[in-house]
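To keep things clear, I will list the structure first and then write my remarks on it.
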Amino acid sequence: MPTLCKKIYEKGIQRVQQLLSRFSLFCPVEQERKPHSSELCERPARTTGFDSPFLPPQGFMDIDLNKFKESGANVTGFQLVNYTDTIPARIMQQWRTSDARDHTRVDWKRPKYTSALTYDGVKVMAEAFQSLRRQRIDISRRGNAGDCLANPAVPWGQGIDIQRALQQVRFEGLTGNVQFNEKGRRTNYTLHVIEMKHDGIRKIGYWNEDDKFVPAATDAQAGGDNSSVQNRTYIVTTILEDPYVMLKKNANQFEGNDRYEGYCVELAAEIAKHVGYSYRLEIVSDGKYGARDPDTKAWNGMVGELVYGRADVAVAPLTITLVREEVIDFSKPFMSLGISIMIKKPQKSKPGVFSFLDPLAYEIWMCIVFAYIGVSVVLFLVSRFSPYEWHSEEFEEGRDQTTSDQSNEFGIFNSLWFSLGAFMQQGCDISPRSLSGRIVGGVWWFFTLIIISSYTANLAAFLTVERMVSPIESAEDLAKQTEIAYGTLEAGSTKEFFRRSKIAVFEKMWTYMKSAEPSVFVRTTEEGMIRVRKSKGKYAYLLESTMNEYIEQRKPCDTMKVGGNLDSKGYGIATPKGSALRNPVNLAVLKLNEQGLLDKLKNKWWYDKGECGSGGGDSKRSRKPSGFETQ
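Following this line, the structure appears as structure tokens:
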């Protein structure tokens with residue numbers, strides 16, 4: 067009987083273990099009770115068949131996982147602080163340097179997640195009180211502060227202001243995005259999901275309020291396996307910007323992606339076709355490309371959509387920059403460009419009264435005048451000294467012929483007349499008789515032949531072509547004057563370029579732009595274009611060369627690009643850090659470039675649809691537009 071009971075008991079235990087192996091063990095681990103709690107989780111994992119204990123605290127990397135390794139269990143948990151991100155890595159380096167300087171004999175240990183929460187909590191308070199100070203809100207308690215033991219409690223008068231300031235704080239801290247909703251609860255944060263197996267620790271995804279759990283890219287996905295991206299609809303964020311993304315004229319008759327047209331709309335469709343996924347276009351709500359707020363350190367625009375998990379891909383004229391590359395991933399550039407200058411096209415000047423002087427420079431005309439006077443004087447002197455220029459006058463009938471008067475036809479006035487007649491390609495009643503005089507005259511004739519031939523060849527072109535005189539030809543011209551204002555987009559890579567530049571000319575331009583009144587920055591490219599057109603030549607807009615070339619070809623054809631590009635950069639397809647779409651999208655861009663489709667799309671939306679013709683800013687050129695070469 068005891069043997070039979072033992073066998074029944076063992077079979078029952080095996081059955082229970084088989085059932086339990088289908089589930090994960092949820093082990094709440096508190097920071098102050100980690101050793102005891104981890105032991106409780108390790109023990110059932112070893113004895114009861116649970117092979118995947120789940121540890122919910124936000125400091126998974128702070129737990130001693132050696133006992134789990136010994137038991138062979140697969141452990142999963144949350145990690146709030148990603149120590150490989152830019153901000154935590156920089157602060158950790160500062161702490162390490164400070165500890166090494168102040169405590170040379172103490173081994174440095176990485177702070178735990180509670181220290182990171184404390185750091186961000188103190189910064190929240192500091193940011194809130196700094197905001198109150200900037201707003202000149204007095205929060206000091208003067209006079210009767212009230213009874214702290216009053217029942218019911220009497221609220222502090224300044225408490226509402228402090229609460230409002232705390233709710234408005236937003237920045238990138240050690241624990242990621244720090245932001246609060248109207249109830250004072252933290253929102254838009256990300257928890258990294260970490261898993262420990264027998265072969266080590268790895269990140270398997272992340273969790274946020276919007277998308278819940280998002281798995282990370284697997285090795286198969288990194289190698290180009292697209293099977294995992296075909297089972298869901300991805301959100302593609304973009305921005306309304308001609309000719310990249312535009313609403314169709316009859317957009318209300320369509321739904322979804324069919325409402326839009328443009329370069330990036332077709333590019334997104336081609337990439338989706340090559341990668342093999344479904345997508346939905348969504349216009350970014352704030353209408354911005356993406357920049358980090360200097361006060362809150364939070365990202366806005368399309369970059370913010372990717373950073374905070376509200377979008378999967380960004381297909382737009384989004385410039386590849388260092389600060390953006392730190393928080394998102396870019397594909398290879400699908401378009402190369404640079405910062406350029408847009409001004410209002412100056413009025414074409416018609417030929418004036420003295421426009422016949424234009425074929426030759428002012429200095430040449432002065433040299434011709436001096437040569438004319440010099441040759442005339444030399445001819446006069448030669449004629450005076452040569453006996454062959456002197457001859458007797460013919461006597462009239464009835465005059466006394468006993469006296470003979472010698473005369474010389476080349477006086478000073480006749481010498482000037484002879485030189486002028488030769489210069490005008492006309493004949494003259496007199497000509498030199500002496501050898502020296504004829505040599506001087508021959509040299510002058512040859513000189514006038516060359517001058518008149520060159521002048522005649524250029525005169526027709528100068529009289530028929532209307533010339534445009536531009537007051538600005540380069541960035542140096544903008545920097546050294548104050549009559550024409552100039553600015554950039556309020557939030558974008560162009561503004562960041564001038565803010566970070568160490569080149570003297572660009573530093574001078576940035577100093578002017580940030581202090582100019584009224585502000586020279588605009589919210590959208592369309593606003594900048596309108597400001598250029600209405601400024602009567604008193605405002606220049608700095609923008610990407612591709613957009614500048616496009617606007618130059620649109621009616622009313624009154625803007626133009628001047629000078630060369632100030633830098634060289636590229637547009638790329640953006641994805642969140644570690645996204646499974648990164649490699650497939652990158653390969654799709656390279657394939658489209660090799661097939662020549664990117665060039666075809668550019669010519670279609672820039673030049674084939676140009677409205678200004680060949681005379682309106684060279685809109686239909688036979689050559690490629692400068693600055694466009696996918697690499």
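Per this note's numbering, the very first residue in the sequence shown carries number 67; after that it's consecutive.
All C-beta atoms in this analysis are idealised placements derived from N, C-alpha and C, irrespective of residue type, glycine included.
Practice prompt. Assess, as a yes-or-no matter, whether the segment 644 to 660 is touched by the segment 348 to 356 under the definition of 3 or more beta carbon pairs within less than 8 angstroms.
Written response: Verdict: no, contact absent.
Item to complete: Could you work out which residue in M191, E392, F489 and G242 is closest to Q229 when comparing CA atoms only?
Response: The shortest Cα separation from Q229 among M191, E392, F489 and G242 belongs to M191.
Item to complete: Would you kindly work out how many angstroms separate the C-alpha atoms of R376 and Y179, rounded to a whole number?
Response: Cα to Cα, R376 sits roughly 25 angstroms from Y179.
Worksheet item: With a Cβ-Cβ cutoff of 8 angstroms, do L17 and Y637 count as a contact?
Response: Any answer about residue 17 is impossible in this case: the structure gives the chain only from 67 up to 697.
Discussion item. 8 angstroms is my cut-off, CB to CB: does I434 come that close to chain E?
Written reply: The structure shown has no chain E; it contains just one protein chain.
Fill in: DSSP state of R322 mapped onto helix, strand, coil
Residue identity differs from the one stated: residue 322 is Gly in this sequence, not Arg. In this structure, G322 counts as helix in the three-state DSSP scheme.
Item to complete: On a CA-only basis, which of L257, S197, V188 and P218 is nearest Y149? Give me that one, please.
Response: Closest by alpha carbon: L257.
Discussion item. Our contact map puts I409 next to I538 with C-beta atoms below 8 angstroms; I'd like the distance itself, whole angstroms only.
Written reply: Indeed they touch by this definition, with Cβ atoms about 6 angstroms apart.
Discussion item. I need the boundaries of the alpha helix (DSSP H) containing I478, first residue and last residue.
Written reply: Its alpha helix (DSSP H) spans residues I478 to F489.
Discussion item. Assuming the contact rule is C-beta atoms closer than 8 angstroms, F446 and G487 should be a hit. Round their C-beta distance to whole Å, please.
Written reply: The beta carbons of F446 and G487 sit about 15 angstroms from each other, so the pair does not count as a contact at 8 angstroms.
Worksheet item: If you run the structure through DSSP and keep just helix, strand and coil, what is E96?
Response: Legend: pLDDT at E96 = 48, less than 50; position of this residue unreliable, no value from coordinates given.
Discussion item. Output needed for A541: all residues of its chain with C-beta closer than 8 angstroms, excluding positions within five of it in sequence on either side, in chain order.
Written reply: Answer for A541: I407, V571, F572, M575, G629 and L632, listed in chain order.
Worksheet item: Just how far apart, CA to CA, sit E660 and V331?
Response: Those two C-alpha atoms are separated by around 20 angstroms.
Worksheet entry | G367 vs A557 beta-carbon contact at 8 angstroms | Yes, these two residues count as a Cβ contact at 8 angstroms.
Discussion item. Give me the DSSP bridge partner(s) of L403.
Written reply: DSSP output for L403 lists K635 as bridge partner(s).
Worksheet entry | V341 to G242 span [Cα, whole Å] | Cα-Cα distance, rounded: 31 angstroms.
Discussion item. Here's a check: name, in chain order, each residue in its chain whose Cβ is nearer than 8 angstroms to the Cβ of P154, leaving out the five neighbours to either side.
Written reply: Within the same chain, and ignoring the five residues on either side of P154 in sequence, the residues whose Cβ sits closer than 8 angstroms to its Cβ are V147, N148, A182 and L240.
Worksheet item: Which residue comes first and which comes last in the alpha helix (DSSP H) that contains A44?
Response: The displayed coordinates of the chain run from 67 to 697. Any statement about residue 44 would go beyond what the structure contains.
Worksheet item: Does the separation of the CB atoms of F473 and S442 fall below 8 angstroms?
Response: It is worth fixing the name first, because residue 473 is Ser in this sequence and not Phe. Not a contact, by the Cβ cut-off of 8 angstroms.
Worksheet entry | Outcome for T522 when other beta-carbon atoms lying within 10 angstroms are tallied against a minimum of 16 | Taking all protein chains shown into account, T522 has fewer than 16 neighbouring C-beta atoms within 10 Å of its C-beta and is therefore exposed.
Worksheet entry | Backbone CA spacing between G503 and D495 [nearest angstrom] | In a straight line, the C-alpha of G503 is about 15 angstroms away from that of D495.
Discussion item. Please give the ranges of any alpha helix (DSSP H) in the segment 325 to 384, keeping only runs that are unbroken, at least 4 residues long and fully inside the region.
Written reply: Listed in chain order, the alpha helix (DSSP H) runs fully inside the segment 325 to 384 are 329 to 341 and 367 to 373, counting runs of at least 4 residues.
Discussion item. For K580 and R589, I'd like the C-alpha separation in whole angstroms.
Written reply: Going from the Cα of K580 to the Cα of R589 covers about 15 angstroms.
Worksheet item: Where does the unbroken beta strand (DSSP E) through Y552 begin, and where does it stop?
Response: Where Y552 is concerned, the enclosing beta strand (DSSP E) starts and stops at A551 to G553.
Discussion item. Suppose the cutoff is 8 angstroms on Cβ atoms and the five residues either side in sequence are ignored; what does the same chain contact list for E336 look like?
Written reply: Excluding sequence neighbours, E336 sits near A654, L658 and L663.
Worksheet entry | Distance between K314 and E327 (C-alpha atoms, nearest Å) | Rounded to the nearest whole angstrom, the C-alpha separation of E327 and K314 is 6 angstroms.
Fill in: Endpoints, alpha helix (DSSP H) assigned at E573
Segment A570 to S581, the alpha helix (DSSP H) holding E573.
Worksheet item: For the ligand MN, is there a heavy atom less than 7 angstroms away from the beta-carbon of V331?
Response: Ligands in the displayed structure: none, and consequently the ligand MN is not present.
Worksheet item: What is the DSSP secondary structure of G239, reduced to helix, strand or coil?
Response: If DSSP states are grouped into helix, strand and coil, G239 belongs with the strands.
Fill in: Cα-Cα separation between P177 and M626, rounded to whole angstroms
Their backbone Cα atoms lie some 56 angstroms apart in a straight line.
Discussion item. Is it buried or exposed, Q245, if we count other Cβ atoms within 10 angstroms and call 16 or more buried?
Written reply: The residue is buried, with at least 16 neighbouring Cβ atoms inside 10 Å.
Item to complete: Select from Q145, Y185 and V369 the residue whose C-alpha is nearest the C-alpha of W161.
Response: Here the closest residue by C-alpha is Y185.
Discussion item. Quick check on DSSP: helix, strand or coil for P537?
Written reply: The three-state reading of DSSP puts P537 in coil, since its state is none of H, G, I, E or B.
Discussion item. Quick check for students: name the residue ranges of the alpha helix (DSSP H) that lie wholly in the segment 494 to 533, counting only runs of 4 or more.
Written reply: Within the segment 494 to 533, the runs of alpha helix (DSSP H) that reach at least 4 residues and sit entirely inside it are, in chain order, 501 to 530.
Worksheet item: Nearest to V448 by CA position, among P498, W431, E592 and D424, is which residue?
Response: In terms of Cα proximity to V448, the closest of P498, W431, E592 and D424 is P498.
Item to complete: May I ask which residues mark the beginning and end of the beta strand (DSSP E) holding Y607?
Response: Counting along the chain, Y607 sits inside the beta strand (DSSP E) bounded by residues Y605 to E610.
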